[in-house]
Amino acid sequence: MNNGLPDDRGHLNMNKNRIKLNRWILAAVLGVPTILPALASDEAEIEALKAQVQALDQKIRILERERELDQQGAADKAATLPQITIGANGFSFGSADTNFSLAVHGVLQMDTRTFGHDDNIPGDSGFLLRRARPIISGTVFRDFDFLLVPEFGNASPGSASTATTPSVFDAYINYRYSPAVQFQAGKFKTPIGLEQLQGDVNTTFNERSLVTDLVPNRDLGFELHGDIRGGLVSYAAGIFNGVGDARNTSNYSFQDNREFDGRVFVMPFKTSHTPALKNLGAGVGGGWGEASINNTLGLPNTTGSSTSPAQSGYTTDGQQQFFAYNPTSGSVQASGAHWRLSPQASWYYGPLSLFGEYAISDQSVETSGTVPLHSATLENKAWEVTGGWVLTGEEASFNGITPKHPFDPRKGYWGAWQVVGRYAELNIDQAAFPYFSDPATSASAAQAWAVGINWYLNKNLRADASFSHTTFTGGGTSTTSTPGSVTSHPEDVFFTRLQLAF
Amino acid sequence: MKNKFTLSLVCRVSLLLLLAAVASAPAKEVKLLNVSYDPTRELYADYNAAFTKYWKTKTGDDVVVSQSNGGSGKQAQAVINGLAADVVTLALAYDIDAISQQAGLLPAHWQERLAHRSTPYTSTIVFLVRKGNPKHLQDWADLVKPGVIVVTPNPKTSGGARWAYLAAYAYALDQSTNDDAQARAFVTKLYKNVPVLDSGARGATTTFVEREIGDVLLSWENEAHLAVKQYGADKFDIITPSLSILAEPPVALVDKTAKKHKNTEVAQAYLEYLYSAEGQDIAGRNFYRPRDPQVAAKYAAQFPTLRLLTVDDIFGGWQKAQATHFADGGVFDQIFQTK
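Chains A and B, in that order, give the protein sequences. Just so we're aligned, residue 208 is where the first sequence starts under the working numbering, counting upward by one. Just so we're aligned, residue 671 is where the second sequence starts under the working numbering, counting upward by one.
Right under this line is the structure:
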């Protein structure tokens, strides 16, 4: 007999399951109306949150972009602010568009000269503040440049630059229409001599060579100049007051004479692809003028002396007068035509520098005072060759040497070292003797060689040491005053210089 | 005798050196500087290459054209301040007038020297929107709705922004039967929706496209096409409104600078060649509307037809529009301050 229990249990279990299922269905059916609104509300909330996130995202992006634009605006504004530059090239400040600028530079040269025959002559050994120049340069209205260079150093004792009185060396205004067409007015270097035109801080030796005795220094005038095709051809031509050889004019000169000077210099391979020839150049400078009798600046420059009145003449490397217009009777003055011609060339290739120059100065002179009066046209000539080699490998140039590694012993850097040599001659026209110069005291020729070593500590500092030996032809009978005291024996001078230029 | 020999030798050496200088001279190369507005970079990159080739074939000379691009107003000021442009190709005539008046570098009648008042191509202002146009922006009226973010550059510095501003103003005048107060209220509302002002059109494109800011960029037509081309048609749509402005970007020779650079002939030819078949084709290729009817027909498909109003007709010319709307204290300054 089956009591049915198992079946009953099974039936009961089935019923229980059905009841559970029914309850779930009931709960689900009853729950739908309550869950659905909740789900819908979540979706709306999500959409609202999405919109909010998007809005916030946009706000953040806008803020970031505004910051970016502000930074850009600040950079743009900074580009319009005046620019200040302090560095090896001096101190300058200017408008952002570079139309206006002002720069301050300076040159200080402390020299020593030690003479081998220091016989109480004007060129006594000693220390010399050779140049002390604050330099102010600048530009106004984009195209107008100016330069002002006062000199507080002792230029050349007894020279026309007025030994120890501060004077203006350069003062000019330059209008740049284009690199090829520029117009300059004021006081500046006359465009003739190559060595003379080299910057005072870039000369190879302490003093320029004998050839520079025959070309003018600075003069007052107007000049048209420029560089054509990137410096392939450089030219300058101008009208000047006219000064004697090696003279540096004063700031005024009221005399009727005028001098026309000019120079053309060609660097035919400057744009070529041959490095060896890029810095090979040659040119010619020259000038012509008339010197009247009352032209006190017509005769050459002189170093003069404390014991002998300052006759015009020519000087040695040691800046001693070896030739003077010192006739045995009367005096000499410039009178009539004066022309100069100076072919010149230079070559810079890597550490090698080489340049040479020839100069003729043809001057009409006459005697005054003691009759009979004499007149003559004297043609004095000079030439020189200068060479250099930078031992440390830097490139030599007309505008100086920049050391690859500025002096810093802590790092083992010693700057740039250059060895240099020079030979020069100056020959006086024989017609100068005896009516215009005393052959017993003035030399009729001088020959000078010099060697030296230049140490470029950095772009601003330079230390030089050199030795110069000059021999003379003629003169030399007097030993108490120049030029006889100078020409009585060869001149040996040891120079040193410490230079700061920025 | 000796002197004569020396002089003769010097003269001969000098002559030889001069001849050597001339002989070693490179072929003639002419340089030009084209100072242009922001979105023309691609146009003039193409055009400069074509002109260089054309000029080489015609004369044998090499031309090197340099480009300077920026906001049109800023570029004009740069030229006034000394940027040595030989030619200017700016966004609007007023900016070139300013160069003429303030710097005197070209004559006042410069616009009469080339055809179509010195505008070799035209353009207009359209809407660049995100793909699918999620905010449903179809016309100017949609841009003033709350929540719409509009991107456009600063009309004080950007030529394109001035065209966009005037297009919106012209639309409002058209809708309100020339009620200036309503038009002013409309643009005030519009600029309330502008959160960022870039200085030039290219900057505004960067804001919209790369920084992903905003719902719509008021864009030069060519700039909008360029963005679609560059960033993909799946990212942006171009919406052409019912009405816009006829933008006429002019070109001009900067006489004094070109004369100084001795390149007047080349600079003039450079501008004239813009009107040639090739010049017009390059304009069309870069999404500018060519003036030449035949070339315009070739590119007609890429330029939808719409009502185009001119500055002369609606605002009495650029001088008047500039004085009224964009000068310091003008309408734009007033509405943007009240933003």
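We put the CB at the ideal spot given by N, CA and C, even for glycine. Computed from a predicted model, the values in this text were never measured in an experiment.
Does the ligand NAD have even one heavy atom less than 8 Å from the beta-carbon of residue i?
i         : result
Gln265(A) : By its list of ligands, the structure shown contains no ligand whatsoever, and the ligand NAD lies outside what it can speak to.
Flag this pair as yes or no: are the beta carbons of residue i and residue j separated by less than 9 Å?
i         : j         : result
Pro897(B) : Leu887(B) : According to the sequence as given, residue 897(B) is Ala; it is not Pro. Yes. Within cutoff.
Lys801(B) : Asp904(B) : yes
Val857(B) : Val821(B) : no
Val733(B) : Val705(B) : no
Trp833(B) : Ala761(B) : yes
Gly949(B) : Ala785(B) : no
Ala970(B) : Ile915(B) : no
Gln527(A) : Pro646(A) : no
Gly870(B) : Gly999(B) : no
Gly543(A) : Ser571(A) : yes
Ile795(B) : Glu699(B) : no
Glu430(A) : Ala483(A) : no
Glu564(A) : Glu402(A) : yes
Asn508(A) : Gly520(A) : yes
Ala566(A) : Ala638(A) : no
His523(A) : Thr419(A) : Sequence inspection shows Thr at residue 523(A); the His mentioned does not correspond to that position. Contact: no.
Ala589(A) : His545(A) : no
Phe412(A) : Ser675(A) : yes
Arg547(A) : Gly492(A) : yes
Arg340(A) : Gly313(A) : yes
Along chain B, in chain order, which residues have C-beta atoms closer than 9 Å to that of residue i?
i         : result
Leu315(A) : The contacting residues do not exist; Leu315(A) stays about 36 Å from chain B at best.
Glu273(A) : Pro865 and Val866
Leu276(A) : Val866, Leu867, Asp868, Ser869, Gly873 and Thr877
Since residue i and residue j should fall inside the 8 Å C-beta cutoff, what is the C-beta to C-beta distance between them, to a whole number of angstroms?
i         : j         : result
Leu487(A) : Trp596(A) : Actually they are not in contact, since the Cβ atoms of Leu487(A) and Trp596(A) sit about 17 Å apart, beyond 8 Å.
Ser299(A) : Leu309(A) : 7 Å
Ala650(A) : Thr684(A) : At roughly 11 Å, the Cβ-Cβ gap does not stay under 8 Å, so Ala650(A) and Thr684(A) are not in contact.
Tyr791(B) : Ala953(B) : 4 Å
Ala755(B) : Val924(B) : 5 Å
Leu798(B) : Leu807(B) : With a Cβ gap of about 10 Å, Leu798(B) and Leu807(B) do not count as contacting.
Tyr379(A) : Phe351(A) : Contact flag wrong, Cβ pair sits at about 11 Å.
Ala670(A) : Leu705(A) : 5 Å
Asp636(A) : Glu586(A) : 5 Å
Please determine, among the options, the residue with the shortest C-alpha to C-alpha distance to residue i.
i         : options                                        : result
Tyr764(B) : Thr847(B), Gln745(B), Ile883(B) and Thr794(B)  : Gln745(B)
Leu707(A) : Asp699(A), Trp662(A) and Ser644(A)             : Trp662(A)
Lys394(A) : Met317(A), Asp426(A) and Gly451(A)             : Asp426(A)
Ala623(A) : Pro641(A), Asn606(A), Ile660(A) and Phe640(A)  : Ile660(A)
Gly280(A) : Thr827(B), Arg881(B) and Thr994(B)             : Thr827(B)
Asp809(B) : Ser788(B), Ile909(B), Leu860(B) and Lys859(B)  : Ile909(B)
Thr927(B) : Asp708(B), Gly752(B) and Gln772(B)             : Gly752(B)
Thr759(B) : Ser889(B), Gln781(B) and Tyr835(B)             : Gln781(B)
Ser441(A) : Ala258(A), Asn533(A), Leu705(A) and Ala387(A)  : Ala387(A)
Lys726(B) : Ala939(B), Gly743(B), Pro825(B) and Tyr839(B)  : Ala939(B)
Val818(B) : Gly986(B), Val1001(B), Pro709(B) and Val864(B) : Val864(B)
Leu561(A) : Arg470(A), Thr456(A), Val311(A) and Gly628(A)  : Gly628(A)
Phe709(A) : Leu585(A), Asp249(A) and Gly297(A)             : Gly297(A)
Pro616(A) : Asn665(A), Pro697(A) and Ile635(A)             : Asn665(A)
Asn933(B) : Val757(B), Thr789(B) and Asn824(B)             : Val757(B)
Thr346(A) : Phe640(A), Ala303(A) and His324(A)             : Ala303(A)
Asn455(A) : Gly505(A), Ser416(A), Ile343(A) and Gly438(A)  : Gly505(A)
Ile291(A) : Gln278(A), Phe307(A) and Leu276(A)             : Phe307(A)
Thr687(A) : Val700(A), Asp699(A), Thr648(A) and Phe701(A)  : Thr648(A)
Leu941(B) : Asp708(B), Pro709(B) and Val735(B)             : Val735(B)
Asn533(A) : Ser385(A), Thr574(A), Phe476(A) and Met474(A)  : Thr574(A)
Tyr384(A) : Phe472(A), Ser479(A), Phe529(A) and Phe348(A)  : Phe348(A)
Gly594(A) : Glu602(A), Val626(A) and Glu601(A)             : Val626(A)
Name the chain A residues whose beta carbon is nearer than 9 Å to that of residue i?
i         : result
Lys930(B) : Tyr384 and Ser385
Chain B partners of residue i, CB-CB under 8 Å?
i         : result
Arg349(A) : Gly752
Asp452(A) : Simply none; closest approach about 18 Å.
What does residue i reach in chain B if we use C-beta pairs closer than 7 Å?
i         : result
Ile269(A) : Pro865, Val866 and Ile883
Within 7 Å of chain B by C-beta, residues of the stretch 251-264 of chain A in sequence order: Result list empty, no residue passes.
Contact list for the stretch 868-891 of chain B against chain A, Cβ threshold 7 Å: Asp868, Thr877, Arg881, Glu882 and Ile883
Members of the stretch 803-827 of chain B near chain A, C-beta cut-off 7 Å: Ile819
Contact list for the stretch 855-869 of chain B against chain A, Cβ threshold 7 Å: Pro865, Val866 and Asp868
Interfacial residues, the stretch 295-311 of chain A to chain B, with Cβ spacing under 9 Å: Asp304, Thr305 and Asn306
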